[in-house]
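Q: If you read the protein sequences in the order shown, they are chains X and L.
Numbering-wise (our numbering), the first sequence opens with residue 1459 and increments by one.
Numbering-wise (our numbering), the second sequence opens with residue 1459 and increments by one.
There are 2 protein chains.
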Amino acid sequence: MSRKKDKARWATAIMSPDELFNMKKMALLREAGQAFRRKGFHNTSMDEVAAALNVTKPALYYYMKTKQEILFECHQFAFDLADQAKQTAWEASEIGIERLRILLEKYIELLTSTLGSCAVLLEPLSSLSPGHQKIVLKRFRDFDRLMKDLVQQAIDEKSIPPQDPRLTVGFFMGALLHITSWYDVEGARTGKEIAQAYGRFVLNGLKGGSPEPANSSDI
Amino acid sequence: MSRKKDKARWATAIMSPDELFNMKKMALLREAGQAFRRKGFHNTSMDEVAAALNVTKPALYYYMKTKQEILFECHQFAFDLADQAKQTAWEASEIGIERLRILLEKYIELLTSTLGSCAVLLEPLSSLSPGHQKIVLKRFRDFDRLMKDLVQQAIDEKSIPPQDPRLTVGFFMGALLHITSWYDVEGARTGKEIAQAYGRFVLNGLKGGSPEPANSSDI
DNA sequence: CCTACCGATCGGTAGG
DNA sequence: CCTACCGATCGGTAGG
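(1) Which residues in chain X have a C-beta closer than 7 Å to the C-beta of GLU1665 of chain L? List them in chain order.
(2) Which term fits ASP1622 of chain X, buried or exposed, when burial requires 16 or more other beta carbons within 10 angstroms of its beta carbon?
(3) Taking only beta-carbon positions, decide if HIS1500 of chain L is within less than 9 Å of chain X.
(4) Check the Cβ of SER1688 of chain L against every Cβ in chain X and list those closer than 7 Å, keeping chain order.
(5) What three-state label does DSSP hand ALA1646 of chain L in the structure shown?
(6) Am I right that LEU1604 of chain X and LYS1544 of chain X are in contact with their C-beta atoms under 8 Å? What's the rounded C-beta distance?
(7) For ILE1613 of chain L, would you say it is in contact with chain X, using Cβ-to-Cβ distances shorter than 9 Å as the test?
(8) From GLY1666 of chain X to GLY1663 of chain L, what distance separates their C-alpha atoms?
(9) Using a threshold of 9 Å, state whether the C-beta atoms of CYS1576 of chain X and ARG1488 of chain X are closer than that.
(10) How is LYS1482 of chain X classed by DSSP in three states: helix, strand or coil?
(11) In terms of alpha-carbon separation, which member of X:GLN1611, X:ASN1512 and X:ALA1517 lies closest to SER1551 of chain X?
(12) Per the contact definition of three or more C-beta pairs closer than 8 Å, is the region 1560 to 1568 of chain X in contact with the region 1493 to 1511 of chain X?
(13) Return helix, strand or coil for SER1584 of chain X, following the three-state DSSP convention.
(14) Against PHE1598 of chain X, what residues of chain L qualify as contacts under a CB-to-CB distance less than 9 Å, listed in chain order?
(15) Suppose the cutoff is 8 Å on Cβ atoms and the five residues either side in sequence are ignored; what does the same chain contact list for VAL1609 of chain L look like?
(16) Does the beta carbon of LYS1462 of chain L sit closer than 9 Å to a beta carbon anywhere in chain X?
(17) Cα separation between GLN1542 of chain L and GLU1549 of chain L?
(18) Just to confirm my understanding: we take SER1587 of chain X, look at its own chain, exclude 5 residues before and 5 after, and list those with CB closer than 7 Å. What are they?
(19) Let me know if SER1585 of chain L comes out buried or exposed under the rule of 16 or more other beta-carbons within 10 Å of its beta-carbon.
(20) Compare the C-beta of ALA1587 of chain L against all C-beta atoms of chain X and say whether one is closer than 9 Å.
(21) Please tell me whether ALA1490 of chain X and LEU1539 of chain X are closer than 9 Å, where the distance is taken between their beta carbons.
(22) If you follow the alpha helix (DSSP H) that ALA1540 of chain L is part of, which residue opens it and which one closes it?
(23) Quick check: what's the CA-CA separation for SER1639 of chain L versus ARG1658 of chain X?
(24) With 16 as the cutoff for other CB atoms within 10 Å, does TYR1520 of chain L come out buried or exposed?
(25) Going along the chain, which residues of its own chain have a beta-carbon closer than 7 Å to the beta-carbon of LEU1518 of chain X, five neighbours each way excluded?
(26) Along chain L, which residues have their Cβ under 7 Å away from the Cβ of ARG1647 of chain X?
(27) List the whole-angstrom C-beta distance separating TYR1656 of chain X from LEU1562 of chain X, where the pair is believed to meet the contact cut-off of C-beta under 8 Å.
(28) Write down every uninterrupted run of the alpha helix (DSSP H) in the region 1554 to 1612 of chain X whose length is 4 residues or greater and which is fully enclosed by it, in chain order.
(29) According to DSSP, is LYS1462 of chain X part of a helix, a strand, or is it coil?
(30) State the DSSP-derived secondary structure class of SER1639 of chain X, mapped to helix, strand or coil.
(31) Roughly how many angstroms lie between the CA atoms of CYS1532 of chain X and SER1571 of chain X, to the nearest whole one?
(32) Identify whether PRO1619 of chain L lies in helix, strand or coil by the three-state DSSP scheme.
(33) Would you mind telling me which residues of chain L sit closer than 9 Å to LEU1568 of chain X, beta carbon to beta carbon, in chain order?
(34) Are the CB atoms of LEU1580 of chain L and LEU1580 of chain X nearer to each other than 9 Å?
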């Protein structure tokens, strides 16, 4: 804050204290998020996260109040990326099936990017405090509704045959969420390749349709 | 309280002690497995599992040596059901794509059945002891290999266009595994309906193919 | 199968 | 940002 005048001196000093704080906080979230994905929230101790960042555990508590709060931010991050993917899809097209494909592909690309390491998708809600659970559950439901509406729109536009949007969304969201559990940056496939392959799988799958058309309790 | 036991005494008296022991052990596995699925392994205490069975915690340790062992058996159970599904598929056909469809549908039906409550699929391996991890990892790899071979067979038989079996299997197995996290016996869909819908999604999805043919590092 | 209890792990804090 | 430490939870056991 009052240190801004030191700005000129060293390379690292070009960051304001605020920027530095946020950089470190993000580094903490990334490191923790990766560990949570790989080993699970409860199998990851704060000591391990600290060691990965070359500091001791108490240092982490300068950036985050509790371990649960870290997990909460990782969840929020996952939804922020989803919102970003939605934004991209909405700007690109008005056709339901097109929006669906772009949203899915963009979301996969974001989840497999460096930024995406913060996102945690497979941890049970019970690991969060009740207050945080409510917030995450609402965002989940909103997103789920968005996807089901998109599927319904694609049906209405005759892009895909009648089917139960709930089953459809459950199907491809399961596939998508699971990427975070096996995706490896060093792996044979880039995020973009995975995104395109999944986009095709999903689109072709839905075009085949399912025998049970949507009924009143489906949306 | 003590009247309940009288009732049980007659009903269970026809069972040998061994059968009784196994029934109770299975009840324990089912109750624990369901809780693990819903809330996660570490968010489920032995006290809770015991309470759900109307006994106290120490009673459970007559049937299982440790909590980790319960989780291990839940994992084993998941693979036992997979083997059973494979058996069904192998008996029904010799065509790759047919075996694939039957295996998937059968597995989903088993996972959504009463028996399937024992199966745990989304818990990180780190929750298990190192010895158990090795065993589960081997079974996972064997099953993964089986599925990739099946996809490759379907490609060779021209049932589906050339594609990377690793991506393909990752895709539909992700979708399948996730069913256990949202499936509700009281829900709108029966296990068979889900199985058939997923079978179609997958088959249609793979028939569309992916642009990248398999390369040397894909199997 | 229960009452009573132990002991390790680990999240979080005090104080500097 | 570190050293030292506390306290709650919870898996597991003793003994009956």
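Even glycine gets a Cβ: it sits at the ideal position worked out from N, Cα and C.
A: According to the structure data:
(1) In the second sequence, the residue the question calls residue 1665 of chain L occupies position 207. Strictly speaking, residue 1665 of chain L in this sequence is Lys, with Glu absent from that position. Correct list: ASN1662.
(2) The residue you call residue 1622 of chain X lines up with position 164 of the first sequence. By the 10 Å Cβ count, ASP1622 of chain X comes out buried.
(3) Start at 1 with the first residue of the second sequence, and residue 1500 of chain L comes out as number 42. True, the Cβ-Cβ gap to chain X drops below 9 Å.
(4) With chain L covering only 1459 through 1677, there is no way to say anything about residue 1688 of chain L.
(5) By one-based count along the second sequence, residue 1646 of chain L stands at place 188. It is coil, neither helix nor strand.
(6) Here residue 1604 of chain X is taken as the residue at index 146 of the first sequence, counted from 1. Here residue 1544 of chain X is taken as the residue at index 86 of the first sequence, counted from 1. Contact between LEU1604 of chain X and LYS1544 of chain X is confirmed by a C-beta separation of about 7 Å, below the 8 Å threshold.
(7) Here residue 1613 of chain L refers to the residue found at position 155 when the second sequence is read from its first residue. With 9 Å as the cut-off, ILE1613 of chain L does not count as an interface residue toward chain X.
(8) The residue given as residue 1666 of chain X occupies position 208 in the first sequence. The residue given as residue 1663 of chain L occupies position 205 in the second sequence. One C-alpha to the other measures close to 8 Å.
(9) On the first sequence, residue 1576 of chain X is found 118 positions in, with the first residue counted as 1. On the first sequence, residue 1488 of chain X is found 30 positions in, with the first residue counted as 1. Going by C-beta atoms, CYS1576 of chain X is nearer than 9 Å to ARG1488 of chain X.
(10) Looking up residue 1482 of chain X in the first sequence gives position 24. Reduced to three states, the DSSP call for LYS1482 of chain X is helix.
(11) Translated into the one-based positions of the first sequence, residue 1551 of chain X becomes position 93. Nearest C-alpha to SER1551 of chain X: X:GLN1611.
(12) no
(13) Locating residue 1584 of chain X in the first sequence gives position 126, counting from the first residue. Note: SER1584 of chain X maps to helix in three-state DSSP.
(14) On the first sequence, residue 1598 of chain X is found 140 positions in, with the first residue counted as 1. Those do not exist, as PHE1598 of chain X stays about 11 Å from chain L at its closest Cβ, beyond 9 Å.
(15) The count along the second sequence starts at 1 and reaches residue 1609 of chain L at position 151. Answer for VAL1609 of chain L: GLY1554, LEU1558, ILE1618, GLN1621, PRO1623, THR1626, VAL1627 and LEU1664, listed in chain order.
(16) Working through the second sequence from its first residue, we reach residue 1462 of chain L at position 4. Confidence at LYS1462 of chain L is low in this model, with a pLDDT of 45, below 50, so the placement of that residue should be treated as unreliable; the coordinate-derived value is given next. So, not an interface residue.
(17) By 1-based counting over the second sequence, the position of residue 1542 of chain L is 84. By 1-based counting over the second sequence, the position of residue 1549 of chain L is 91. Using only the alpha carbons, I get a separation of about 11 Å.
(18) In the first sequence, residue 1587 of chain X corresponds to position 129, counting from 1. Excluding positions up to five away in sequence, the list reads GLN1526.
(19) Against the second sequence, residue 1585 of chain L aligns to sequence position 127. Buried, since its Cβ has 16 or more Cβ neighbours within 10 Å.
(20) Looking up residue 1587 of chain L in the second sequence gives position 129. Looking at the sequence itself, residue 1587 of chain L is Ser, so the reference to Ala does not match. Cβ-Cβ to chain X under 9 Å: no for SER1587 of chain L.
(21) To locate residue 1490 of chain X, count along the first sequence from 1; it is residue 32. To locate residue 1539 of chain X, count along the first sequence from 1; it is residue 81. No, Cβ-Cβ distance for ALA1490 of chain X and LEU1539 of chain X is not below 9 Å.
(22) Here residue 1540 of chain L corresponds to residue number 82 of the second sequence, with the count starting at 1. It spans 1525 to 1550 - the alpha helix (DSSP H) in which ALA1540 of chain L sits, taken as one unbroken run.
(23) By one-based count along the second sequence, residue 1639 of chain L stands at place 181. By one-based count along the first sequence, residue 1658 of chain X stands at place 200. Rounded to whole angstroms, SER1639 of chain L to ARG1658 of chain X spans 25 Å at the Cα level.
(24) Translated into positions along the second sequence, residue 1520 of chain L becomes position 62. Per the 10 Å Cβ criterion, exposed.
(25) In the first sequence, the residue the question calls residue 1518 of chain X occupies position 60. Once the five neighbours on either side are set aside, the close Cβ partners of LEU1518 of chain X are LEU1486, MET1504, VAL1507 and ALA1508.
(26) Walking along the first sequence from the start, residue 1647 of chain X turns up at place 189. By Cβ distance, chain L contributes LEU1625.
(27) The sequence position of residue 1656 of chain X within the first sequence is 198, counting from 1. The sequence position of residue 1562 of chain X within the first sequence is 104, counting from 1. Sure, about 7 Å apart at Cβ, within 8 Å.
(28) 1554 to 1569
(29) Your numbering for residue 1462 of chain X matches position 4 in the first sequence. Caution is warranted here: a pLDDT of 46 is assigned to LYS1462 of chain X, below 50, making its placement in the model unreliable, and no coordinate value can be reported.
(30) On the first sequence, position 181 is the one that residue 1639 of chain X refers to. Helix.
(31) Translated into positions along the first sequence, residue 1532 of chain X becomes position 74. Translated into positions along the first sequence, residue 1571 of chain X becomes position 113. When rounded, the separation of the alpha-carbon atoms in CYS1532 of chain X and SER1571 of chain X is 15 Å.
(32) The residue you call residue 1619 of chain L lines up with position 161 of the second sequence. In this structure, PRO1619 of chain L counts as coil in the three-state DSSP scheme.
(33) If you number the first sequence from 1, residue 1568 of chain X lands on position 110. Near LEU1568 of chain X there are no residues of chain L at all, since even the closest Cβ is about 17 Å away, more than 9 Å.
(34) Indexing the second sequence from 1 puts residue 1580 of chain L at position 122. Indexing the first sequence from 1 puts residue 1580 of chain X at position 122. Cβ distance < 9 Å, so LEU1580 of chain L and LEU1580 of chain X count as in contact.
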